[in-house]
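All remarks here apply to the structure that follows.
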Amino acid sequence: MKVIVASSLGFCYGVKRAIKIAENAYTAGDRTVTLGPIIHNPQMVRRLAERGVGYVDNLEDIDSGTIIIRSHGVGPTCYNRADEKKLKIIDATCPFVLRAQQEAHRLVTAGKRVIIFGEKNHPEVRSIAEWALGQALVAESPEDLRNLPRMDDVSIVSQTTFSQETFRQMLAIVSEKATRVDVHKTICNATAERQAAVKLLADEVDVMIVVGGKNSGNTRRLAEISAQSGKMTYHIETASELQISWFRSDMKVGVTAGASTPDWIIEEVLEVMEDMNKMLEEMEMSEFHKGSVVEGTVVEVTDDEAQVSFGYKTEAVLPAREYSFPAPKSMKDVLAVGDSIKAQITNAVKEDGTIYISKIKLDRLADWDIAEEALEKDEPVVCEGIEAIKAGLLVQIKSLRGFIPLSQGDLRFVRSLSFLVGTQFEAKVLEVNRGQNRLVLSRKAVLEEHRDEEMEHMKVAFENQEVLTGVVKKIMPYGAFVDVNGIEGLLHISDVAWNKIDKVEDVLAQDEEVQVKIKSFDEEKQRISFSRKDTMQDPWLEDIKNHEVDDVVVGKVVKLMDFGAIVELEDGLTGLLHISEMTKERNRKASDILQLSDTVEVRIIGINPARKRISFSLVSVEAPAEDAETENE
Ligand code: SF4
Numbered sequence: 203m204k205v206i207v208a209s210s211l212g213f214c215y216g217v218k219r220a221i222k223i224a225e226n227a228y229t230a231g232d233r234t235v236t237l238g239p240i241i242h243n244p245q246m247v248r249r250l251a252e253r254g255v256g257y258v259d260n261l262e263d264i265d266s267g268t269i270i271i272r273s274h275g276v277g278p279t280c281y282n283r284a285d286e287k288k289l290k291i292i293d294a295t296c297p298f299v300l301r302a303q304q305e306a307h308r309l310v311t312a313g314k315r316v317i318i319f320g321e322k323n324h325p326e327v328r329s330i331a332e333w334a335l336g337q338a339l340v341a342e343s344p345e346d347l348r349n350l351p352r353m354d355d356v357s358i359v360s361q362t363t364f365s366q367e368t369f370r371q372m373l374a375i376v377s378e379k380a381t382r383v384d385v386h387k388t389i390c391n392a393t394a395e396r397q398a399a400v401k402l403l404a405d406e407v408d409v410m411i412v413v414g415g416k417n418s419g420n421t422r423r424l425a426e427i428s429a430q431s432g433k434m435t436y437h438i439e440t441a442s443e444l445q446i447s448w449f450r451s452d453m454k455v456g457v458t459a460g461a462s463t464p465d466w467i468i469e470e471v472l473e474v475m476e477d478m479n480k481m482l483e484e485m486e487m488s489e490f491h492k493g494s495v496v497e498g499t500v501v502e503v504t505d506d507e508a509q510v511s512f513g514y515k516t517e518a519v520l521p522a523r524e525y526s527f528p529a530p531k532s533m534k535d536v537l538a539v540g541d542s543i544k545a546q547i548t549n550a551v552k553e554d555g556t557i558y559i560s561k562i563k564l565d566r567l568a569d570w571d572i573a574e575e576a577l578e579k580d581e582p583v584v585c586e587g588i589e590a591i592k593a594g595l596l597v598q599i600k601s602l603r604g605f606i607p608l609s610q611g612d613l614r615f616v617r618s619l620s621f622l623v624g625t626q627f628e629a630k631v632l633e634v635n636r637g638q639n640r641l642v643l644s645r646k647a648v649l650e651e652h653r654d655e656e657m658e659h660m661k662v663a664f665e666n667q668e669v670l671t672g673v674v675k676k677i678m679p680y681g682a683f684v685d686v687n688g689i690e691g692l693l694h695i696s697d698v699a700w701n702k703i704d705k706v707e708d709v710l711a712q713d714e715e716v717q718v719k720i721k722s723f724d725e726e727k728q729r730i731s732f733s734r735k736d737t738m739q740d741p742w743l744e745d746i747k748n749h750e751v752d753d754v755v756v757g758k759v760v761k762l763m764d765f766g767a768i769v770e771l772e773d774g775l776t777g778l779l780h781i782s783e784m785t786k787e788r789n790r791k792a793s794d795i796l797q798l799s800d801t802v803e804v805r806i807i808g809i810n811p812a813r814k815r816i817s818f819s820l821v822s823v824e825a826p827a828e829d830a831e832t833e834n835e
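Numbering-wise, the sequence shown is residues 203 to 835 according to the working numbering.
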């Protein structure tokens, strides 16, 4: 096992300085405490307490003595209160934090609009916000900035340990909203250097160990950066948490530590890893060692486990959870005395210790073969969604765990893949690395393939004007999105029915099955539009059969134009009565002769079935109904 230490790790300048100040602060007979733990590292806090410097969470917990302000700094209220209580103040605020506090104060008192980029509940950020007299906006993620109004000038101050990447994303948002952005780069180099170093190192190694307090923000961020590179990352506080099962002798292992991790803890971790490396090498030299595959005979079975004899002086134990995934309810259901079984040794083989074996780990080897073959042949595998995380979806493929990045989860952009949790689906393998336990998949690749095939079917259906069955997926004011075999297309409101409809919901419901024809097919843009009315008989063609040219019919004027009028017959058919068919006089308008709602007797002079047009000639006009009523009275 090769251990590589990050080029930049451990205590930063500000923390080293604060600890030195605290270590030298104790005076016999005087109570000396830090305000809050000196750093986010319990071991260091304990060590300081042993030297007589404890800590209080609140100024009200101390009435006399000395208070040490830690590197995160505090706001003006705290200094004032300590003065009131006549406490001696030793200020170990990191000079870089002090600069951020002073910048925020100077900008706000100069009347500037200030935004502080940082974790709202971090003590350092709270102190900067207080020095900004409570007038600065504190934003910790791009989401906090989405609703910012348009601004002329804005000044940015940052938490010293803020993520460079998040800073860049947030600055881009503010730059879009403000005419002028004045950036005060108060991110400390120590943080940036450690983040850059862990990123580089994680790319080079198989496993990363991040050492530091579990409550230390900067250590957690290092662990996050390492995990984002896809490498197995273990965040530990001390060497006692290291486990030999995390390593193999042929691995490269990276080690880094947060800015609040003392050197002695890092050294202990490195020493223990060195010992583990020696053990791994020794184990792998003997015939039976952790990881070797053995073949044996079942000699005893209980509900929970089986005893397997495999040619060693003691039998090995095969627990039910190591038999298969999910584990059998009872091992008696799957194994009997005398059965042969192949499995892998999972722990270090020691003289007097129990040997544990796992069939599932061996199955995993076979499952890795399947995953590799699927990648090689570009074939899909069946997965089950296990857990949606910010970056994508964790999936189970046989006995393996895999990962689908957010961008590979669907054909369209989605914010989360949680809708796939608990469902089974196919995905293509994008990357397999059994050494690094890395299996990356794409559901999108399968959907794209399916879409391409379906688009071919759609093309044929379009050419043949086939009637297809789809499902209404979404109703919009302008139409409905209909899914036909996984391909979505728009059914425009004007294509829903032959008659005019006001709302799509009057005719269709969500998830309703619907018959459609493809109205337009754009192969290049992969865009389809559907028509429902084209699957139905056009009522015009039926109704027109009741009429012939030269028939004299009665209708009503429903629209007037300069050049003529639209007349609607009793069966709902409409046609044009041109001005030239109303009068022989020139320069007359239809409104000179007819009024809206007039009842007219007209002769059909033309029927054009292809254009669905009827033309009329005026025979006589009758006044609107209300005139007629007046006459009757
Ligand atoms: S990380 Fe930077 S700003 Fe924070 S205490 Fe260390 S040196 Fe100071």
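Beta carbons: idealized from backbone N, C-alpha and C, even for Gly.
Remember, it's a predicted structure, so these values are computed and weren't measured experimentally.
- For TYR257, the number of other beta carbons within 10 angstroms of its own is at least 16, and it is reported as buried.
- Taking 4 residues as the shortest admissible run, the segment 298-370 contains the following complete alpha helix (DSSP H) segments, listed from N- to C-terminal end: 325-333.
- Between GLY336 and the set VAL495, ARG352, ILE317, ASN810, the nearest pair of CA atoms involves ILE317.
- The continuous beta strand (DSSP E) containing PHE732 extends over residues 729-733.
- The criterion of a C-beta distance shorter than 8 Å is satisfied by ILE677 and GLU707.
- In this structure the segment 506-526 does not lie against the segment 471-487, because fewer than three pairs of beta carbons, one per stretch, are closer than 8 Å.
- Contact check for ILE547 against PHE490 passes: the beta carbons are separated by less than 8 Å.
- If you ignore the 5 residues before and after GLY432, its C-beta comes within less than 7 Å of the C-beta of ARG640, all in its own chain and listed in chain order.
- Around the ligand SF4, the residues selected by a Cβ distance under 6 Å to any of its heavy atoms are CYS214, TYR215, GLY216, VAL217, SER273, CYS296, PHE298, VAL299, THR362, THR363, CYS390, ALA392, THR393, ALA461, following chain order.
- At the C-beta level, ALA398 and CYS214 stay beyond 8 Å of one another.
- The Cβ atoms of LEU743 and GLY757 do not sit closer than 8 Å to each other.
- TYR680: not part of any alpha helix (DSSP H); DSSP gives it neither H nor E.
- The beta-carbon distance between LEU211 and ILE468, rounded to whole angstroms, is 7 Å. This is short enough to meet the 8 Å contact definition.
- ILE720 has its alpha-carbon roughly 14 Å from the corresponding atom of SER696.
- In the structure shown, the three-state DSSP call for THR548 is coil.
- Only residues of its own chain outside the window of five on either side were considered, and among them VAL754, VAL756, VAL821, SER822 have a CB closer than 7 Å to the CB of GLU803, listed in chain order.
- Checking the DSSP bridge columns, you'll see ILE768 partnered with LYS761, LEU778.
- Apart from the 5 residues on each side of it in sequence, LEU643 sits with its Cβ closer than 8 Å to the Cβ of VAL583, CYS585, VAL597, ILE599, GLY604, PHE605, ILE606, GLN610, ALA629, LYS630, VAL631, LEU632 in its chain, given in chain order.
- For LEU820, the secondary structure class from DSSP, reduced to helix, strand or coil, is strand.
- The C-alpha of TRP466 lies about 14 Å from the C-alpha of GLY415.
- A distance below 7 Å between beta-carbons, with the five flanking residues on each side excluded, links ASP505 to the following residues of its chain, in chain order: SER532, MET533, LYS534.
- Inter-segment contact for the segment 432-447 and the segment 378-391 is absent: fewer than three beta-carbon pairs are separated by less than 8 Å.
- For ARG382, the uninterrupted beta strand (DSSP E) run begins and ends at 380-386, by DSSP.
- Taking the C-beta atoms as reference points, THR421 is found no nearer than 8 Å to ALA208.
- Annotated three-state conformation of LEU613 is coil, per DSSP.
- When the beta-carbon positions are compared, ILE223 and ILE291 stay at least 8 Å from each other.
- With respect to GLU321, VAL299 sits apart: the two C-beta atoms are not nearer than 8 Å.
- Secondary structure of ASN391 (DSSP, three-state): helix.
- With a 10 Å radius around the Cβ and a threshold of 16 neighbouring Cβ atoms, PRO464 comes out buried.
- Every unbroken stretch of the alpha helix (DSSP H) spanning 4 or more residues and falling wholly within the segment 416-451 is given here in chain order: 419-430.
- A residue is called buried once 16 or more other Cβ atoms fall within 10 Å of its Cβ, and GLY624, having fewer, is exposed.
- Look at ALA459 here: in three-state DSSP terms it is strand.
- Of the candidates GLN361, ASN417, GLU507, ALA461, the residue whose Cα lies closest to the Cα of GLN304 is GLN361.
- GLY216 and ILE240 have their alpha carbons spaced roughly 11 Å apart.
- Rounded to the nearest angstrom, the gap between the Cα atoms of ASP477 and VAL247 is 28 Å.
- Only buried fits SER817, as 16 or more other CB atoms lie within 10 angstroms of its CB.
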